[in-house]
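Those sequence lines, one after another, are chains A and B. Going from the first sequence to my numbering is simple: count from 1 and add 36. Going from the second sequence to my numbering is simple: count from 1 and add 131.
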Amino acid sequence: EPEVTQTPSHQVTQMGQEVILRCVPISNHLYFYWYRQILGQKVEFLVSFYNNEISEKSEIFDDQFSVERPDGSNFTLKIRSTKLEDSAMYFCAIPGRGSYEQYFGPGTRLTVT
Amino acid sequence: AQSVTQLGSHVSVSEGALVLLRCNYSSSVPPYLFWYVQYPNQGLQLLLKYTSAATLVKGINGFEAEFKKSETSFHLTKPSAHMSDAAEYFCAVSDRSNYQLIWGAGTKLIIKP
Numbered sequence: 037e038p039e040v041t042q043t044p045s046h047q048v049t050q051m052g053q054e055v056i057l058r059c060v061p062i063s064n065h066l067y068f069y070w071y072r073q074i075l076g077q078k079v080e081f082l083v084s085f086y087n088n089e090i091s092e093k094s095e096i097f098d099d100q101f102s103v104e105r106p107d108g109s110n111f112t113l114k115i116r117s118t119k120l121e122d123s124a125m126y127f128c129a130i131p132g133r134g135s136y137e138q139y140f141g142p143g144t145r146l147t148v149t
Numbered sequence: 132a133q134s135v136t137q138l139g140s141h142v143s144v145s146e147g148a149l150v151l152l153r154c155n156y157s158s159s160v161p162p163y164l165f166w167y168v169q170y171p172n173q174g175l176q177l178l179l180k181y182t183s184a185a186t187l188v189k190g191i192n193g194f195e196a197e198f199k200k201s202e203t204s205f206h207l208t209k210p211s212a213h214m215s216d217a218a219e220y221f222c223a224v225s226d227r228s229n230y231q232l233i234w235g236a237g238t239k240l241i242i243k244p
């Protein structure tokens, strides 16, 4: 099972501030995904990223969000100006070898105050 | 559009009893189906997957699920519940044209001693 780490594990920020969430697969991957889970709600797809380009994105992934692969190994999700409703767990995932399964990192809990 | 319905936000069973967590999907083409488990304050762990091979799929921790195309279902079962099974379980689907996972709302499994 591929391993993924995410940093930080918990981020507290004030409304309007920018945050950057990081995802580091143990092995080299071209494809990754971001999901979020608002407390008590279902997991929601945000964006998929393949070979340095956004592959797909959901309606949630508006202009406040961006993704990058800044140095060839880790992946980042940036929220430019956080809102209270951005408070959630954010999960990064990478594909497995086979059939569309995905392996998730432990998540970053973002709290916007 | 694909969707996933999990019947029952909470399911309570006694230790040693049968566990049955229900998942129904809607998809215009046979999808790939997954069950993930989330223990408190942890990430999402792949429990098992259906990828058009055998319709009865075995996963980790003694869980299994059966794909029934006629019923558009992928229910999760375990013959004998253990206290350590207490967690939230998510059913997810992806179609064969993209890698995006669409999630059910989750079912919290409660194990009574």
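Ideal placement from N, C-alpha and C gives every residue a C-beta, glycine not left out.
(request) Would you kindly work out how many angstroms separate the C-alpha atoms of A:Val48 and A:Met125, rounded to a whole number? (result) Separation of A:Val48 and A:Met125 (C-alpha to C-alpha, rounded to the nearest whole angstrom) is 12 Å.
(message) Bridge partners for B:Ser143 per DSSP, in chain order?
(response) B:Ile241
(message) Strictly by DSSP, which residues pair up with B:Val160?
(response) Answer by DSSP bridge pairing: none, since B:Val160 is not bridged.
(request) Quick one: which residues of the segment 150-184 of chain B get their C-beta closer than 7 Å to a C-beta of chain D? List them in chain order. (result) Absent from the structure is chain D; the protein chains it does hold are A and B.
(request) May I have a chain-ordered list of the beta strand (DSSP E) segments no shorter than 3 residues that lie completely inside the segment 41-65 of chain A? (result) 46-49, 55-61
(request) Determine, using beta-carbon pairs with one atom in the segment 85-105 of chain A and one in the segment 54-72 of chain A, whether at least three such pairs fall under 8 Å. (result) yes
(message) Can you find the residues in the same chain that come closer than 8 Å, C-beta to C-beta, to B:Leu175, ignoring five residues on each side of it along the sequence?
(response) Cβ within range, chain order: Tyr167, Val168, Gln169, Phe221.
(message) Does chain B have any CB closer than 9 Å to the CB of A:Gly132?
(response) Interface criterion met: the Cβ of A:Gly132 is under 9 Å from a Cβ in chain B.
(request) Note down, in chain order, each residue of its chain lying with its Cβ closer than 6 Å to the Cβ of A:Val81, except the 5 sequence neighbours on either side. (result) The sequence shown places Phe at residue 81 of chain A, rather than the Val named in the question. These residues qualify, in order along the chain: Tyr71, Ser94.
(request) Specify, as a first and last residue, the run of the beta strand (DSSP E) that A:Ile74 falls within. (result) Per DSSP, A:Ile74 belongs to no beta strand (DSSP E) and is neither H nor E.
(request) Specify the secondary structure class of A:Ile96 as computed by DSSP and reduced to three states. (result) coil
(message) Taking 6 Å as the limit between beta carbons, can you name the residues of its chain near A:Phe111, skipping five residues before and five after?
(response) Cys59, Phe68, Arg105
(message) Looking at chain A, is there any beta carbon in it that lies within less than 9 Å of the beta carbon of B:Leu138?
(response) no
(request) For B:Ser201, name the three-state secondary structure that DSSP assigns. (result) helix
(request) Give the straight-line distance between the Cα atoms of A:Pro131 and A:Ser45, rounded to the nearest whole angstrom. (result) So the alpha carbons of these two residues sit roughly 21 Å apart.
(message) Assuming contact is defined by CB atoms lying nearer than 9 Å, are A:Val148 and A:Glu121 in contact in what I supplied?
(response) yes
(request) Determine the closest residue to A:Tyr86 out of A:Pro142, A:Gly52, A:Thr144, A:Ala129, with distance taken between C-alpha atoms. (result) A:Ala129
(request) Quick one: using the 10 Å Cβ neighbour count with 16 as the cut-off for buried, is B:Gly235 buried or exposed? (result) The residue in question, B:Gly235, is buried, as its Cβ has 16 or more Cβ neighbours within 10 Å.
(request) Give the DSSP-derived three-state secondary structure of A:Leu120 in the structure shown. (result) A:Leu120: helix per DSSP, three-state reduction.
(message) Taking DSSP's pairing of strands, which residues face B:Leu149 in a bridge?
(response) None; B:Leu149 has no bridge partner.
(message) Could you check whether B:Val188 and B:Leu177 sit closer than 9 Å to each other, using their CB atoms as the reference points?
(response) no
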